[in-house]
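Encoded as structure tokens, the structure appears first; notes follow it.
In this note's numbering, the protein residues as written are 19 to 73.
Put into structure tokens, the structure is as follows:
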């Protein structure tokens with residue numbers, strides 16, 4: 019893993035956590051751009067709330 023080997027992220031587990039966090043945010047942003055479905059918007063807000071609570 020280049021990021022771990024280069025010392026940008028330590029340890030490897032944290033790298034995967036960071037990558038997952040980034041991908042969730044990117045996915046949420048893309049969904050928000052394209053969707054008018056209220057249920058989906060509520061689900062995304064619930065995910066955001068969960069993330070804030072678990073921090």
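We put the CB at the ideal spot given by N, CA and C, even for glycine. Just so we're clear, the structure is a prediction, and the values are computed from it rather than from any experiment.
For residue i, three-class secondary structure by DSSP
i: residue 67; result: helix
i: residue 48; result: helix
i: residue 73; result: coil
Contact under 8 Å by Cβ, residue i with residue j
i: residue 86; j: residue 62; result: Not covered by the structure: residue 86. The range shown for the chain is 19 to 73.
Given residue i as reference, the closest of the options once Cα atoms are compared
i: residue 66; options: 39, 56, 52; result: 39
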